[in-house]
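Chains as they are written, first to last, in the numbering used here: chain A, 8 to 265; chain B, 8 to 265.
Input: a single structure, listed below in structure tokens.
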DNA sequence: ACAAGAAATGAACGAAATTCATTTAGGCAC
DNA sequence: GTGCCTAAATGAATTTCGTTCATTTCTTGT
């Protein structure tokens, strides 16, 4: 009946904690040494290891493969053991999210112009979460309180806005607006190729259909060779929108003319 | 079979039509009279009814309550019957999505200036999907081919862009950029009150923390009385970003000077 | 009239998250 | 030291969901 446990199944050759040798039969390497019940002398799990294992799983199998069972298996542990460290699967997602935030590039805010810094930050932010779209619903609603790296990221961004002279009351709104655009654009990266092909509905929507045709045509012709990344459709939309947002935001508050 | 309907075994396995309510389970329509197996003389289901029932369920219980069982129960049908009309639950979401698209206000594109029309469209688009954020991952990746109302919506928007004189190759990118911002902003609407409260991390992020404080302060003071809606934090961020995007996009292509 | 197929029922199945009782180990209080 | 409280593990069970399948019954096209 309930056969979802590592009883007969083994780990995916990632670990074998205490090398307890059997009588004389080392049947197969990947056989689980089977920890006996009860608290182990040395703690097997902590949130750090859980985070790492989750990231590895996501890398190998995508979010589809990120199940509590799979996570437990990878850590050489029973699924229920995870619940000593996280209250629910959502907590695992939060761990992953906060880990990822450290990978967002905020370096520009210390060194470059506001425009350049925002652009660099936004691209890297989008790139990170384009590979982790299932986290977006989580982030968007997640109180920042227990996400230290996320707060650190916001602090660096805010510093860049302050340095540019932005009025305090508008900074958070501006960041939120940029972030909203970034999250939405991250989804767009994952969209399939012909997402806008109208097919049988083409006659219903002549203007839109030709616009779609022109778009892909111009995109195909525009191979950017000089070291810049080659732009896909989602990249050119992101570029257009980001530049518009940046220039629009720059003009949204009364700067003293230099 | 016996002539009397065996009310002992219900087809649900999860809950029972009679008054025995376990958790909440608001008593759905009257208790259905039990249909015997086999094809009924008159078809009970079609995609139209499924869509309506799904929308009602979402309205009453949110997306959490939208399960195939609940949907079937509401339609007076066994869960498996749904699969004669949709291939999977995702199809139900697509039905709902396309239905909703008809509610997005594109009327401005026929009558107003491009700026006003985009603004009206964007606000209504965001408002619709702020109440349906679970659809966003679906929409963002969904080929438009079998979503007729979605195509109709795009056609109206495209017409507005064409009328304004936009270059064909950039129209789709501009729409995608706006849409990305809209989807991201829809999530933001659902964010809890103190999402940016840094709590114990406040000392780590002094600039960000004060910016957050100033934001809510200015938002609280700014009650808009004259018929306009009172702006919450997510509204003012949306407003700021949308205006920036619109003006930035307007300046992104070489219009002939009037 | 009859075969094909559409549209229901009802009974499973399998995956997944989560809970619970139980076992064991470490760290305090006394 | 002894004893208790709690943390961290196992193993089994529970619940909920989406989905499939065999079967029944009815409609429709030839």
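The beta-carbon is built from N, C-alpha and C at its ideal position, and this holds for glycine as well.
Buried versus exposed call for residue i [16 or more other C-beta atoms within 10 Å across all chains shown]
i             : result
residue 195/B : buried
residue 262/B : exposed
residue 115/B : buried
residue 67/A  : exposed
residue 186/B : buried
residue 205/A : buried
residue 253/B : buried
residue 180/A : buried
residue 55/A  : exposed
residue 57/A  : buried
residue 81/B  : buried
residue 129/B : buried
residue 211/A : exposed
residue 170/A : exposed
residue 28/A  : In this prediction, residue 28/A has a pLDDT of 38, which is less than 50 and means its spatial position is unreliable; nothing more can be read from the coordinates.
residue 251/A : buried
residue 200/B : exposed
residue 118/A : exposed
residue 219/A : buried
residue 237/B : exposed
residue 140/A : buried
residue 44/B  : exposed
residue 248/A : buried
residue 87/B  : exposed
Beta-carbon separation (whole angstroms), residue i vs residue j, contact threshold 8 Å
i             : j             : result
residue 243/A : residue 192/A : About 11 Å; that fails the 8 Å criterion.
residue 51/B  : residue 84/B  : 6 Å
residue 127/B : residue 176/A : That pair is no contact at about 26 Å.
residue 174/A : residue 260/A : 6 Å
residue 245/A : residue 133/A : 6 Å
residue 64/B  : residue 78/B  : 6 Å
residue 112/A : residue 155/A : With a Cβ gap of about 18 Å, residue 112/A and residue 155/A do not count as contacting.
residue 97/B  : residue 145/B : 7 Å
residue 255/B : residue 255/A : 4 Å
residue 190/A : residue 143/A : 5 Å
residue 165/A : residue 215/B : 4 Å
Residue range of the alpha helix (DSSP H) that includes residue i
i             : result
residue 204/B : Run containing residue 204/B: none; DSSP gives neither H nor E here.
residue 244/B : 240 to 257
residue 63/B  : 54 to 68
residue 106/B : 96 to 108
residue 164/B : 155 to 171
residue 144/B : 143 to 148
residue 133/A : 121 to 137
residue 113/A : It is not in any alpha helix (DSSP H) - residue 113/A carries neither H nor E in the DSSP assignment.
residue 87/A  : 86 to 89
residue 179/B : 175 to 196
residue 77/B  : 75 to 82
Contacts that residue i makes with chain A (C-beta to C-beta distance below 7 Å)
i             : result
residue 201/B : 150
residue 252/B : 248, 251, 252 and 255
residue 198/B : 147 and 148
residue 195/B : 147, 183 and 187
residue 192/B : 187
Cross-chain neighbours of residue i in chain A, by beta carbon under 8 Å
i             : result
residue 114/B : The premise fails here: residue 114/B is roughly 17 Å from chain A at the closest Cβ pair, so nothing lies under 8 Å.
residue 155/B : 208 and 211
residue 204/B : 150, 151 and 152
residue 136/B : What residue 136/B touches in chain A: nothing, since even the nearest Cβ is about 11 Å away.
residue 54/B  : Correct list: empty, because the minimum Cβ distance to chain A is about 17 Å.
residue 72/B  : Neighbours of residue 72/B on chain A: none; closest Cβ ~17 Å, over 8 Å.
residue 158/B : 205, 208, 211, 212 and 215
Residue i: contacting residues in chain B (beta-carbon distance under 7 Å)
i             : result
residue 218/A : 165, 175, 178 and 179
residue 222/A : 176, 179 and 180
Residues that residue i contacts on chain B, provided the C-beta gap is smaller than 9 Å
i             : result
residue 261/A : Those within 9 Å of residue 261/A in chain B number zero; the least Cβ separation is about 14 Å.
residue 48/A  : Under the 9 Å cutoff, chain B gives no residues; its nearest Cβ is about 33 Å from residue 48/A.
residue 109/A : Near residue 109/A there are no residues of chain B at all, since even the closest Cβ is about 14 Å away, more than 9 Å.
Chain B contact residues for residue i, given Cβ-Cβ distances below 8 Å
i             : result
residue 311/A : With chain A covering only 8 through 265, there is no way to say anything about residue 311/A.
residue 237/A : The contacting residues do not exist; residue 237/A stays about 16 Å from chain B at best.
Heavy atom of the ligand FAD within 7 Å of residue i beta-carbon
i             : result
residue 168/A : Judged by which ligands are present, the structure shown has none, so any question about the ligand FAD falls away.
Within chain A, partners of residue i - CB distance below 9 Å
i             : result
residue 281/B : Past the edges of chain B, shown from 8 to 265, lies residue 281/B, and the structure says nothing about it.
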